[in-house]
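Take a look at the structure below.
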Amino acid sequence: MNLRVLGWSIAVWSCALQVAAAGDLTALAGEWRTVRHGADVEIRDCGDGSPCGFLIFVSTDITGGEVNDVRNNDPSLRDRPLDGLPILWGFSKRDKGWYRGKLYNPDTGQTFRSSMELISPDELKVKGCLGPLCRQQTWVRLHSIQTKKQGE
260 MNLRVLGWSI
270 AVWSCALQVA
280 AAGDLTALAG
290 EWRTVRHGAD
300 VEIRDCGDGS
310 PCGFLIFVST
320 DITGGEVNDV
330 RNNDPSLRDR
340 PLDGLPILWG
350 FSKRDKGWYR
360 GKLYNPDTGQ
370 TFRSSMELIS
380 PDELKVKGCL
390 GPLCRQQTWV
400 RLHSIQTKKQ
410 GE
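According to the numbering used here, the stretch in the sequence shown is residues 260 to 411, in order.
Here it is, written out as structure tokens:
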């Protein structure tokens with residue numbers, strides 16, 4: 260095989276892999292409801308093909324009326340508004356989902372190691388670990404919650 264054909268083969272294979280990865284992110288992208296606090300998170304491309312999540316709603320009953328990231332461990336970040344706050348970032352692709360990411364909890368100001376796996380089109384398993392202790396939740400896609408309420 261000559262080098263030109265080999266180079267084209269590698270380029271085509273690389274593009275195919277990027278499209279497959281983008282497809283996985285496309286399936287994950289959207290708005291999700293967390294379990295514990297009923298907060299809403301929008302997941303979208305970080306700009307590098309990996310998912311990022313941003314807080315788009317949390318009840319003031321949960322935040323105690325606070326609208327800023329007042330519990331952040333870094334005092335210079337405590338003036339950031341909760342609306343639009345980045346809470347998921349830094350993920351790498353894996354066969355079944357995303358791993359080696361970070362999950363920030365503005366309720367405690369802590370950042371956890373995180374992984375995510377889409378378990379159905381409307382369910383996302385999110386895991387957060389601090390040291391050896393891990394917890395996981397299943398987040399639900401917002402449009403599926405709204406569809407259920409309309410059907411009731």
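We treat Cβ as the ideally placed atom computed from N, Cα and C, and that holds for glycine.
1) For E376, which residues in the same chain have their Cβ closer than 6 Å to its Cβ, ignoring the five residues on either side in sequence?
2) What is the DSSP secondary structure of P334, reduced to helix, strand or coil?
3) Select from T293, L362 and E325 the residue whose C-alpha is nearest the C-alpha of R337.
4) What does the Cβ neighbour count give for I319, buried or exposed, with the cut at 16 atoms within 10 Å?
5) Checking 9 Å against the spacing of the C-beta atoms, do N327 and Q369 come in under that value?
6) What is the DSSP secondary structure of S379, reduced to helix, strand or coil?
7) If I follow the unbroken beta strand (DSSP E) through T397, where does it start and stop?
8) Among the candidates L284, I315 and I378, whose CA atom is the shortest distance from the CA of P340?
9) Could you tell me the alpha carbon to alpha carbon distance between H402 and S379, rounded to whole angstroms?
Reading from the atomic positions:
1) Taking the first residue of the sequence shown as position 1, residue 376 is located at position 117. Contacts found: K355, G356 and K384.
2) If you number the sequence shown from 1, residue 334 lands on position 75. In the structure shown, P334 sits in a helix (DSSP, three-state: H, G or I).
3) Counted from its first residue, the sequence shown places residue 337 at position 78. Answer by Cα proximity: E325.
4) As a position in the sequence shown, residue 319 is number 60, starting the count at 1. One detail in the question is off: residue 319 reads as Thr in this sequence, not Ile. The residue is exposed, with fewer than 16 neighbouring Cβ atoms inside 10 Å.
5) Here residue 327 refers to the residue found at position 68 of the sequence shown. Here residue 369 refers to the residue found at position 110 of the sequence shown. No, they are not a contact pair.
6) In the sequence shown, counting from the first residue as 1, residue 379 sits at position 120. S379 falls in the strand class under three-state DSSP.
7) Taking the first residue of the sequence shown as position 1, residue 397 is located at position 138. Under the DSSP assignment, T397 falls in the beta strand (DSSP E) whose first and last residues are L392 to R400.
8) Translated into the one-based positions of the sequence shown, residue 340 becomes position 81. P340 has its Cα closest to that of I315, out of L284, I315 and I378.
9) Here residue 402 refers to the residue found at position 143 when the sequence shown is read from its first residue. Here residue 379 refers to the residue found at position 120 when the sequence shown is read from its first residue. Between H402 and S379, the C-alpha separation is close to 14 Å.
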